[in-house]
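Q: Protein chains in written order, with the numbering used here: chain A, 1 to 550; chain B, 1 to 333; chain C, 1 to 393. Note that beta-carbon positions come from the ideal geometry of N, C-alpha and C, so glycine has one too. Supplied in structure tokens, the structure appears directly below.
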Amino acid sequence: MDENAQLLKIRGLRIEGRTDETWIQIVNGVDLDLKAGEVLGLIGESGAGKSTIGLAAMGFTRDGCRISGGTVEFDGIDLVNADAATKRSLLGKRIAYVAQSAAASFNPAHKILDQHTEAPVQHGVMPRQKSQEDAIELYGKLRLPNPGEIGFRYPHQVSGGQLQRAMTAMAMSCRPDLIIFDEPTTALDVTTQIEVLASIRDIVEQFNTAAVYITHDLAVVAQMADKIKVLLKGDQVEEADTRTMLSNPVEDYTKSLWAVRSFKRNQKQLAAEGSVPVVELRNVTAAYGKVPVLHDVSFSIHSGRTVAVVGESGSGKSTAARCITGLLQPGEGEVLFDGNVLPADYRKRSKDQLRQAQMIYQMADTALNPRKPISEIVGRPVEFYLGLKGAEKRRKVDELMEQIEMEPAQYIHRLPSELSGGQKQRIGIARALAAEPKFIICDEVTSALDQLVAEGILKLLARLQDELDLSYMFITHDLATVRSIADEVVVMKEGRVVEAGPKGEMFTPPHHPYTDLLLSSVPEMDPDWLDSLLERRGIANGGEAERVGV
Amino acid sequence: MGMVGAIVLKRLALGVLTLFVVSLLIFGSVNMLPGDFAQAILGQGATPEAVESIREDLGLNDPAWVRYLGWLGGILTGDFGVSFAQANFLAYAGENADLGGIGSVADQLIPRFKNTLFLAGVSAAIAVPLSLCLGVLAALFANSVYDRAVNIFTLSSISSPEFFLAYILILFLAVLNPVFPSLSNVFADMSFGEKLNRTMLPALTLTLVVTAHMMRMTRAAIVNLMASPYIEMARLKGLNPLRVIVTHALPNALAPIINVVALNLAYLITGVVVVEVVFVYPGIGQLFVDSVKLRDVPVVQACCLIFAAAYILLNLLADVMSILSNPRLRHPK
Amino acid sequence: MQILTILAWIVAIFAVGWVFRFFGRRISWPRESQQIYFRDMSYLVALGFALGLFAIYWSFDFYFIREVKFFQWAVQGIIGFSILGYLFRYAGRNLGTEGSKKLFRQMPVTAAFGLLVILFYVVVAVFADLVAPYGQDEIFEKINVLPGGNPELGGDPRFPLGTDQLGRDLMSRLIYGAQNTVGIAFATTCLAFFLGGAVGFLAATLGGWFDQVASRIVDALMAIPQLIFALLLMTIATAWAGSNKTLIMVYMVVIIAVLDSTRVYRLARAVGQNIVVMDYIEAAKLRGETLAYLVFREILPNATAPLLAEFGLRFCFVFLTIAALSFLGIGIQPPLADWGTMVRDLSQFINFAAFSPLTAALPLLAAGAIALLTVGVNFVVDWMLHKTSGLKD
């Protein structure tokens, strides 16, 4: 195919989705151009219509959606009006798809290799035997361990990061001209993400495949794409090549997206030597049943400070929080509050002890009772702890609502389902504040939110801390969040504290090797970041060599 | 395989335990009967000697646990005991009288049990393939006119009492258009065709009920499955729709479908009682209802145990089959 | 010969399907989307259209040409009730509060139909004494087993639905039957819900040994098919009750309630467990709230939707079980009018259908009364389940 030929051409694409018998627009006129071998990054927050557009580029719409206008042309073929057989002859063969969750997108009933060879055999691209050999070669190129053997396993026998690479290999099986990557690394831990990103990029470059890379993560798209298109609620905001877009965004929305990562509060002084911490864990060891989760964990949180507890999933950070709240009783060790030992079981704690330590949850959806209006959700702790009733209670609730920057009159009679994600999280904060606590545990409070909204929540928390002299324990896996809000950092791995100290120290070398791995794995907004990182880590970059060779 | 084997063995053991508990339950509830069996059999006017002799015959003087063990032991060797009707006859006619038509519980049960199995078998043979096909079609054309019509039809058929469906079928297929006989008195020496002809109406009634259930459950299972990401993936590979269904949906749908079938066969067992009464079909359900009315406790006990055993076995089968068809269990990490 | 006709029909249907698709692919339609729809239509769908066409043809044949009475009644009944349901929904959409209007706007006709039926039964059951022309066990001299009340056909206008073989007015017995059958089933369901719901929620909230013991007992009770177990227990109950008919019915209510509460228990426990793991329950626990507050203020309000739907399902089940027991002669006792018993008593008339179709309708009246109510309830429940599952998406 001609190198500069237009491979994918989308003009004025409109897609409608059905809700309650009526059709509403979810994509309003999007244009898209892609040349052979080019990688386009589609970015936007949730609800921007990224995945819908990605699928539409394959001539496919999910149930309950329909293309209501515009054209999608792939290599001169009109995909909107093509009949089913024509579309089928393209899908899998010339256009392939890599889904967000590989674990769910591999059929649990078949071996990975059998699923790999299905498309080439069915499309008549190559016979089964040859496709199998090719698969093993691809697995090797994608740096999967045991490439000769891994294909003979069932999907549930392989880890998430490896499955994602196997799915990329599967997409490559017919050597398509175009691959749609739909958030392929979103479900992975940071350290795994790097390997998957690197291998995806290499293989795409090697075979000169065009790709649409869909993600909400700017730093990721900066590594992967030649050009970037920003979407907002189904509208296209702007498009430019990656370097220009990163350095010179034009539109306000893009600028605000870019600015998110720059929020950084001033780091506070360390607490005075010898002062009594608000919360202290001393040599806590805990287990769920017989499975040990925490091993000899100690750290302390001082008044008015934010301690970020960082680690990947399964590192025990949430378990530490459960020990503090008393939901899980440690096998050994103790939890101190203001220098006094807390009873291990929350049922044995006094009302005042319970009041002093509050919690904000990750999923605001499950943290607020969906059947209670806001006034009752926020009002209950006011009544329960402070004993306020009637007009006094109402005044206090109004006051709390103003503290979280929500208009009381407008919101207090609503149900949680009538609020947006960010607003729900604010109500969660108000409920914690209603108890007038000294200490709040924030459990991944921003990870379910879009970046702009998350930033608002972080700013709010920072302001409240200054005003009310609160202490936070900030559980997160996102180092960008740590950078912006923490005073001190505790790094956890496999139930142990790996490293702990003031933020400044943590972000400057020398690090503990694990901290280093974590830190360096966080994608940065620099398009060259991945290359330089791989170089530093000394990973043999097969793609690099090939490209030079070509 | 070791893991699956262990799980299946565990389920089997649990099934046996359940059967044991159920036998205890049945025996226990029957022993809550007020007064004396012997008195109940002979009525108020019986002489104390006659009552005592029956007590002796039936072992009523033994403590409850001895009787339970005796009963259980008897069942395991195929002896379901002496029915009251039989005991009654013996009490009047003397120990060595010719029993004529009145047999022991087992004598009454076995031919009728065969008839019931025949009825259930015919119903299943019609209902299972029919409902699976219709259910899969409803799932494939979900939310279409066909799907909605099927939804209304199956809901109505599930909601209607069995005797309502039975009378409608009699009305249309036996009285207005005499296709099948409305009375299903089958005998052991009938030809297969004749038997089938007479069994048709009760079988169709059961089919209507069970098909509706099975279809809805099949549809739900497949609709669930078709929404899963790996089916979308298969479609995005450009496979033809038939292949998507046969190689991607079917292997995963097997477990829920087998489950659906087994559960509905278990349901057939309950449904059989009313239908047999409506059509005067000489099966175990009819015997059960008659014995309940006559309070012939040994027969009631035995029927109950047979129904429960079949029910437990089928549920167990559903359980084991769904374990066996789960790839995550068949191929552990 | 018959087989040949059937075969010919089948071939015809397949052929029509094929022709339909063949031309569907070639004709250009007024709208492009239709053209694509017909172009990509699979043979299965075309066959469906063909079958639908033939079904309409056959219905037409039955209704107008052969004039089959029962078929005409059924068609008239279905069309009539659908229109009533539609009108009912239309009224609901335009009357009442904003909330109720919104509810009616989302309602399918089937659910409106179901609601209408339930409403009708409730009114009849509550005001049975006022609505019924005669008493439920009033015996008249003149036995008239012809419904319709048309003197020309031999009916009696005093008994619009005729009398049973003992000379009791059927209309009155049907109306009192609503009171007895529906009332008893409703009471039984309430009892089952109270029992199963209370224990189920406690098991979900407390967990531990209480949950274990309760769940194992329920497992054992559920291992025996419900109708069989009910029949067994009824044998014992009738022996206990002797000739006291009220006592038999009380026992029946308790037995069915206990057996049915096992299913309520399972659902309540499952729903409760889903709610208990929510963060807002954890938040309430950590606040130091009491068990009573947790159950009544946090868990129950979130469980009402599934429980309400389950109440409808359980009611149908209980209702059908009682009807089956009565039909078998071990349920509601005479002289109380009851639909199940009526079906059994009148069942012999079904064989008169060949020469007196009207008489054959007698047992179907009571059986149909049962079916109509359960169908109505199930339609409403189906909609409710659909709605709650739709909201989760």
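(1) Can you tell me the Cα-Cα spacing of C:Leu-4 and C:Phe-14, whole angstroms?
(2) When the cut-off is 8 Å and only beta carbons count, does B:Pro-251 lie next to chain A?
(3) Three-state secondary structure (DSSP) at B:Asp-79?
(4) Measure the alpha-carbon distance for A:Arg-355 versus C:Ala-284 and round it to whole angstroms.
(5) Tell me, please, whether the CB atom of C:Phe-379 is closer than 8 Å to any CB atom in chain B?
(6) Have a look at A:Gly-70 and A:Ile-15 and give me their C-alpha separation to the nearest angstrom.
(7) Using three-state DSSP, classify C:Tyr-90 as helix, strand or coil.
(8) Could you check if A:Ala-320 is buried or exposed, using at least 16 other CB atoms within 10 Å of its CB as the buried criterion?
(9) So, with DSSP's three-state summary, where would you put A:Glu-488?
(10) Say whether the region 460 to 480 of chain A touches the region 301 to 315 of chain A, bearing in mind that this needs 3 or more beta-carbon pairs closer than 8 Å, one atom from each stretch.
(11) From the DSSP output, in three-state form, read off B:Tyr-230 for me.
(12) Report the three-state DSSP secondary structure of B:His-331 (helix, strand or coil).
(13) Runs of 4 residues minimum, wholly inside the region 294 to 373 of chain A: which ones carry the alpha helix (DSSP H) assignment?
(14) Pick from B:Leu-201, B:Asn-315, B:Pro-241 and B:Gly-193: whose alpha carbon is nearest that of B:Leu-169?
(15) Where does A:Gly-44 land, buried or exposed, given buried means 16+ other C-beta within 10 angstroms?
(16) Kindly say whether A:Ser-68, judged by its beta-carbon, lies nearer than 8 Å to any beta-carbon of chain B.
(17) Distance check for C:Ile-139 and C:Gly-167, CA to CA, integer angstroms please.
(18) Could you tell me the distance, in whole angstroms, from the CA atom of B:Phe-288 to the CA atom of C:Ala-204?
(19) Take the Cβ of B:Cys-133 as the centre, count every other Cβ of all protein chains shown within 10 Å, and call the residue buried at 16 or more, exposed below.
(20) So, helix, strand or coil for A:Gly-501, using DSSP?
(21) I want to verify the contact list: residues of chain C whose CB lies under 9 Å from the CB of B:Lys-10, in sequence order.
(22) So is B:Tyr-311 buried or exposed if we call it buried at 16+ other beta carbons inside 10 Å?
(23) What does A:Arg-88 reach in chain B if we use C-beta pairs closer than 8 Å?
(24) Does DSSP put C:Phe-201 in a helix, a strand or coil?
(25) Residues of chain B with CB under 8 Å from A:Ala-99, in chain order?
(26) Measuring alpha carbon to alpha carbon, tell me which of B:Pro-241, B:Ser-322 and B:Ser-104 ends up nearest B:Asp-79.
(27) Which residue marks the beginning of the alpha helix (DSSP H) containing A:Arg-463, and which one marks its end?
(28) My output table needs one value for A:Pro-155: the three-state DSSP class, helix, strand or coil.
(29) Using a Cβ cut-off of 8 Å (strictly closer), state whether A:Thr-19 contacts chain B.
(30) In chain B, what lies closer than 8 Å to A:Pro-108 by C-beta?
(31) Determine the contact status of A:Ala-104 and B:Pro-229, defining contact as a CB-CB distance below 8 Å.
(32) Quick check on DSSP: helix, strand or coil for A:Tyr-472?
(33) Going by DSSP, what residue range makes up the beta strand (DSSP E) through A:Asn-238?
(34) Could you list which residues in chain C have their beta carbon closer than 7 Å to that of B:Tyr-146, in chain order?
(35) Comparing alpha-carbon positions, which option in A:Ala-225, A:Leu-281, A:Thr-86 and A:Thr-52 lies nearest A:Trp-529?
(36) What runs of the beta strand (DSSP E), each 3 residues or longer, lie entirely inside the region 164 to 195 of chain A?
A: Checking against the coordinates, here is how it stands:
(1) 15 Å
(2) yes
(3) coil
(4) 12 Å
(5) yes
(6) 9 Å
(7) helix
(8) buried
(9) strand
(10) yes
(11) helix
(12) coil
(13) 317 to 325, 351 to 356 and 364 to 367
(14) B:Leu-201
(15) buried
(16) no
(17) 5 Å
(18) 38 Å
(19) exposed
(20) strand
(21) Neighbours of B:Lys-10 on chain C: none; closest Cβ ~15 Å, over 9 Å.
(22) buried
(23) Gly-238, Leu-239 and Asn-240
(24) helix
(25) Pro-229, Glu-232 and Met-233
(26) B:Ser-104
(27) 451 to 468
(28) helix
(29) no
(30) Tyr-230, Asn-252, Pro-327 and Arg-328
(31) yes
(32) strand
(33) The sequence given here has Glu at residue 238 of chain A, not Asn. Here the beta strand (DSSP E) through A:Glu-238 covers 235 to 241.
(34) Gly-48
(35) A:Ala-225
(36) 178 to 182
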